[in-house]
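Those letters in the sequence shown? Residues 17 to 873, per my numbering, in order. In this text, a Cβ means the ideal position worked out from N, Cα and C, and glycines have one as well.
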Amino acid sequence: MTKIKIRSNPYNREISYLTMDEATGQWVDVRETDERSRLRETDSERSFLPFKIKEIITIIIKEYYVGREKVQLYFEGTQDEYSEVEAVCESDDVKDKIELIRTNTILENARFIKGDIKEVFERVNPVIENIMKEDVSVKRGLNKVSQALDDVIPLCVFGNYSAGKSTFINALIGVELLPSGGDPVTAKIYEIRNSEFLDQAKISFEFHGERIEISIEGKEFRVLKGDSETDIVKSIKEEIDNEGSHELYAMVRIAMDILNNYEKKDKEVTEIGSVITLVVPFSTSGVIGNSSNKFVIFDTPGSNSNSNQDHAKVLAEAMDGFSNGIPLWVTQYDAHDTKDNAELCDKVLAIDSLDKRFTMIIFNKADDADLPEGGFSEKQVKEILEYRAIEKMYASGIFFVSSIMGLGGKNDGEFVDRFYRKTFRTQSPTFSDPEDIDYMSLYKYNIMPAQVKQNALDYCQKNENLIYANSGLYCIEKEIENFASKHSSYNKCQMVLAFLSNVIDKTNARIDERTKVLKDARDRSTQELDAKTVRLQEEIDRSSKSMEEADGRTSKSDVGEYALSKLNYSFDATQLANMDADRRKQNFEENDFASKAKDYQEAKDKLWEHLKESSQGLFKRNIVDSVKTIANDLSSDFKDVQHSKDKMDAKEKELDQLSSEQILKYVINSYKVNIDDAQEKLSMHLDEYWRGKELDFKRALILQITNTDALSDSQREEIADMIQNYDVNNFKDQADSVFVRKRFLKGNLLGIRINDDEKLDIKRLARSYNDRIKRIVNDMSQSMNEDCFSQFKIWEEKLLAKINANLTELNPELKSLAEIIRIETENITELENNQTMIQASLDTIKDLMSWKEAEEE
């Protein structure tokens, strides 16, 4: 039997394919075993597994399915992606050829751990900001990561000017805001955000290099930033007064018209900056306006308009502070294969802030296109996908939409624009009346991965707002929301990991720089000291290093023994089994399972009673009629028995699952409580343990100082007193601050999955729990001990620096040098402290995103 493995890591965008070498029993990369396999051709950077899985499965069947023997397909990755693979493997054309097996090697779904990662990042953010405050790139990176974790998702809308981009964006917003028409209407890049308040809008832009910010609050027009007497501001205010309408959206439309047309009177002069930011309330009638994600829509000049010179470069600069952007290419069904479009696609794909795996191709004005009444044939789909620009951009799908109808579906046909209103009124029956001869559902024409399209068809058909759904807009917004809520989390988590990894390197460089300054100062001071003092310094350094190494070794075994003897949280399998039995009994009683069992028994009794009666009366009537009657009665009785049994079995399965979930929840809650308890006890133990090590270290130093002949009696006493009174650490605070909870209480805590029989193997559960908590408590104890040891070494370094400073100060000429040494030592200590915190954050995030072995029940 052929065995194939898909190993998908959506965090780092890697998908690998492996085959089982039957001779060695080892998994081997397809690239090493089959040079002709099409699986080698998949581009992980541009491929997103849920969009490609149908194609991948088709390749596997074509290349590895032989005869009637199923291909065993093993999957390693997230539950989200496994569900997509499973949906394809369960389809009618695949289920008899592929046997899908999920291995116990898993990754956490990003949306489940993003909150933990955000919390870790927010704790370390001010530390990084303080260390790297002079580094502009780091500050920009901090802002970018913060914004990404705050669920900000850019939507980059681009295409040629005649495709109806502005109308499409109006449809997304749910309000008529951007001007529309046959001429190039978007002369600038618009950055559009949803306002937090339903009665407030803001417009900001640069005018002759000055930042202008206008606020429209209810009926009030205010200038928040810039000169209110500039020509552009006065023009907007005058036009609003002349129109006499003080409705919020009306005032915004006036302002946008003026801004968009202001430079058309003299195209040689650029007075308004390239990017205009608009914050306006989105309509809550659609998906986008109701989303918890913070979408930022970028509208760009048309690719074939004279006003778009270098607009791709300006767009890239405008989006520099963003990430996880979705490219939305708006074009038309009969006008997409142009040189302008192909060139623009190349420019947009080069923008780092956009995720090319989720590009959406929007065929706008699809209600005017000559679409085949029964949908596209496979040949037509293939031809569409082979066009130059389509081939470059195709990823998540091609979406057919009527933006005007979609907007009307949101605003109930209440339009300001006469053309919009006329089009909507004319087309409404086509999109709202299933009995209409030309009834149209544009979403049915979408070209998407098969299992993704089937899901889209399902949710579109359930939407009661027929015009909104049939316009195709609802499907587009649902897929945008799906990306933002589920898939974008992987990029966000990976971004934090990459950023912290880079910052660690930079803080290392800072520490190396500081350490060199300190070493140079120490070298200069050493050259000026007498031979006896130098020997004393060397002896102190040597013995201190020896004690430090010994403490590092013994602490590992000491804390390990403490965890083993004092932190035992094992479950007794018998006790857990009794609890499971009690819980099961209670659930069966509370949910009246006995009635289902009684119905089943009564159905069986009735069957046997009827069988007995029929047998006794078989020869009392016409035998043929009797046999027919018996057969009919038996058939009815058997159906009743089977129906009763099915209901009883279903109820039993449901209650078994309930009991299993309750026991599993109890075990997981116990795990959390016990981890918290272990952390608290370890914090107290390690605080006491390392305070003791500090006292031992001080005693050893005092003994060394009092026995030296390099110092006078008064000098020995002075330095010994300084050592004796030197502050000790609070190791409990240190142990509590190293993200222990986040690191050891993460994701799918026990990695346990319940199989189809719905009943837990209690012995196995107890064994799994006991093995895991023993290992985790040991790992946690060593991790906390390592952090305390690092704190001890920092404390030791500062004490030694103070001793050396005192020795140096015995020579009056070296006092200033001693001060330099003290300051640099403190700088290094602070940097090392901060680096410990950053490293702990990085380790925590790595753990959350790492591969894990799940215990299957």
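Query	Result
Of the listed residues 861, 844, 33 and 187, nearest to residue 436 (C-alpha basis)	187
Proximity below 9 angstroms, CB of residue 18 to CB of residue 87	yes
DSSP three-state assignment for residue 889, whether helix, strand or coil	Nothing in the structure corresponds to residue 889, since the chain is present only between 17 and 873.
6 angstroms Cβ shell around residue 762 - same chain, five flanking residues per side excluded	Residue confidence is low: residue 762 scores 46 on pLDDT, short of 50, so the model does not pin down where it sits. Its coordinate-derived value is still stated next. Around residue 762: 864.
For residue 458 and residue 383, the rounded distance between their alpha carbons	8 angstroms
Contact with chain D by residue 52, beta-carbon distance below 9 angstroms	In the structure shown, chain D cannot be found, because there is only a single protein chain.
Top-ranked residue by Cα proximity to residue 303, from 490, 575 and 783	490
Buried or exposed by the 16-neighbour rule on C-beta atoms within 10 Å, applied to residue 858	buried
CB contact flag (residue 215, residue 297, <9 angstroms)	yes
8 angstroms contact criterion, which residue 205 and residue 128 should meet: CB distance rounded	Residue 205 to residue 128, Cβ: 36 angstroms. No contact.
Nearest to residue 744 (by Cα), restricted to the options 443, 732 and 812	812
Of the residues 696, 195 and 49, the one placed nearest residue 277, counting alpha carbons only	195
Contact belief for residue 805 with residue 571 at Cβ below 8 angstroms, rounded distance in angstroms	6 angstroms
Exposure label - residue 708; buried when at least 16 CB within 10 Å	exposed
Residue 159 versus residue 368: straight-line alpha-carbon distance, rounded	16 angstroms
Residue 19 in three-state terms, based on DSSP	strand
Status (buried if at least 16 other CB within 10 Å, exposed otherwise) for residue 152	exposed
Residue 573 versus residue 798: straight-line alpha-carbon distance, rounded	9 angstroms
Contact between the segment 477-489 and the segment 104-124 (3+ Cβ pairs under 8 angstroms)	no
Contiguous alpha helix (DSSP H) assignments of at least 4 residues, all confined to the segment 76-107	95-105
Limits of the unbroken alpha helix (DSSP H) element including residue 475	466-478
Cβ pair count under 8 angstroms reaching 3, the segment 573-587 against the segment 683-698	yes
Simplified DSSP state of residue 206, which is helix, strand or coil	strand
Beta strand (DSSP E) runs contained entirely in the segment 388-463, provided each spans 3 or more residues	413-416
Between the CA atoms of residue 351 and residue 451 - distance to the nearest angstrom	31 angstroms
Closest by C-alpha distance to residue 236, when choosing among 212, 220, 558 and 268	268
Backbone secondary structure at residue 349 - three-state DSSP	coil
Simplified DSSP assignment, three categories, for residue 33	strand
Under the three-state DSSP convention, the category residue 344 falls into	strand
Endpoints, alpha helix (DSSP H) assigned at residue 809	778-824
Where residue 700 sits in the DSSP three-state scheme	helix
The segment 427-443 contacting the segment 70-78, beta-carbon criterion three pairs below 8 angstroms	no
Close Cβ partners of residue 462 (< 8 angstroms) along its chain, the five nearest in sequence each way excluded	413, 414, 415, 416, 469, 472, 488 and 491
Per-residue burial, residue 426 [other beta carbons within 10 Å of its own, 16 or more giving buried]	buried
Through-space distance from residue 118 to residue 771, alpha-carbon basis	Low confidence applies to residue 771: its pLDDT is 46, below 50, so where it sits in the model is not reliable, and the reading given next is rough at best. Straight-line Cα distance between these residues: approximately 12 angstroms.
Cβ-Cβ distance between residue 854 and residue 778 below 9 angstroms	no
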